[in-house]
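In our numbering, the protein residues as written are 160 to 435.
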Amino acid sequence: MKTNALTIDVEDYFQVSAFAPYIDRTEWDQRECRIERNVARILALLDRHNVKATFFTLGWIAERHPQVVREIIANGHELASHGYGHERANRLTPQAFADDVFRAKGILEDLSGQQVKGYRAPSFSIDASNRAWAFETLARAGHRYSSSVYPVRHDHYGMPEAPRFSHVPDAGILEIPPTTVRAFLRNWPASGGGYFRLLPYAISRRLIAHVNEIDGEPAVFYFHPWELDPEQPRIPGIDVKTRFRHYLNLHRMERRLECLLADFRWDRMDRVFLGA
160 MKTNALTIDV
170 EDYFQVSAFA
180 PYIDRTEWDQ
190 RECRIERNVA
200 RILALLDRHN
210 VKATFFTLGW
220 IAERHPQVVR
230 EIIANGHELA
240 SHGYGHERAN
250 RLTPQAFADD
260 VFRAKGILED
270 LSGQQVKGYR
280 APSFSIDASN
290 RAWAFETLAR
300 AGHRYSSSVY
310 PVRHDHYGMP
320 EAPRFSHVPD
330 AGILEIPPTT
340 VRAFLRNWPA
350 SGGGYFRLLP
360 YAISRRLIAH
370 VNEIDGEPAV
380 FYFHPWELDP
390 EQPRIPGIDV
400 KTRFRHYLNL
410 HRMERRLECL
420 LADFRWDRMD
430 RVFLGA
């Protein structure tokens with residue numbers, strides 16, 4: 160059985176990119192932060208299944224909730240970077256992106272006392288427009304791998320022409336895309352997030368099994384702490400599509416994750432792809 164990579168993007172409900180038109184980042188410190196309770200819930204879930212994972216963590220979160228970082232490390236999980244302020248890489252200048260990358264890595268390493276090897280761009284926002292300099296910046300910062308290019312077509316992100324599996328771009332850093340399945344001349348998401356909440360669990364299980372057994376590759380699965388929190392504050396005035404995507408089946412998420420962890424073998428990104 161293949162060992163797959165389980166990843167968590169550590170950001171709170173008010174920081175998701177789809178809410179950016181409705182919540183200014185200057186309001187973040189005034190919002191109820193639920194990250195500590197939700198990460199604790201995830202750590203307990205992983206402990207029940209004896210699974211280790213990679214936590215792509217925002218520097219903004221780590222600064223304000225350092226105990227979250229300490230608990231991730233204390234439980235034997237990998238700490239990786241999700242950037243500092245959850246700004247999309249393809250909307251930043253090269254210098255602003257570098258500032259964000261280096262700032263987040265420094266905060267996480269100072270808190271953890273460990274090298275931070277991995278990076279995931281917010282909203283998988285390394286694409287054709289910025290990859291020429293983004294990967295070079297990550298390599299210069301000392302990251303050994305990235306999981307920032309989603310080879311799908313989506314209204315918020317995606318680079319459908321990108322390789323589906325781990326590869327080394329020109330800068331020399333390993334890029335490890337979220338998992339997709341190829342069908343009908345198109346790549347289809349098979350790696351978590353809203354798709355995992357939307358589709359029946361049996362379909363997600365079949366897609367991951369296909370990647371393991373037919374493609375012969377490990378899967379990369381991701382989710383967010385807020386996805387296990389159906390009691391999170393509701394954001395008023397959001398459009399119908401955003402409301403549907405964000406709140407759909409939050410009450411079913413933990414049970415589906417229980418099934419996922421039981422049905423497949425999981426580990427940290429660094430151990431699955433770097434042999435660390």
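Where is the CB? At the ideal position from N, CA and C, for every residue including glycine.
- Here the alpha carbon of residue 304 sits roughly 13 angstroms from the alpha carbon of residue 324.
- Here residue 239 carries a strand assignment [DSSP, helix/strand/coil].
- For residue 210, the three-state secondary structure derived from DSSP is coil.
- A direct Cα-Cα distance of roughly 7 angstroms separates residue 204 from residue 417.
- In the DSSP annotation of this structure, the continuous segment of the beta strand (DSSP E) that includes residue 169 starts and ends at 162 to 169.
- The DSSP assignment places 225 to 233, 253 to 271 and 290 to 300 as complete runs of the alpha helix (DSSP H) inside the segment 221 to 302, in order along the chain (cut-off: 4 residues).
- Here the alpha carbons of residue 264 and residue 299 stand approximately 12 angstroms from one another.
- Taking C-beta atoms as the reference points, residue 162 and residue 212 fail to come closer than 8 angstroms.
- Residue 308 has 284 as its beta-bridge partners, per DSSP.
- Annotation: residue 172 to residue 383 spans about 9 angstroms, alpha carbon to alpha carbon.
- Distances from the CA of residue 207 to each of 428, 419 and 355 were compared; the closest alpha carbon is that of 419.
- Counting C-beta pairs with one atom in each stretch, the segment 237 to 256 and the segment 211 to 226 have three or more that are closer than 8 angstroms, which means they touch.
- Within a 10 Å sphere around the beta-carbon of residue 254 sit fewer than 16 other beta-carbons, which makes this residue exposed.
- Fewer than three Cβ pairs drawn from the segment 404 to 411 and the segment 370 to 383 lie within less than 8 angstroms of each other, which leaves the two stretches out of contact.
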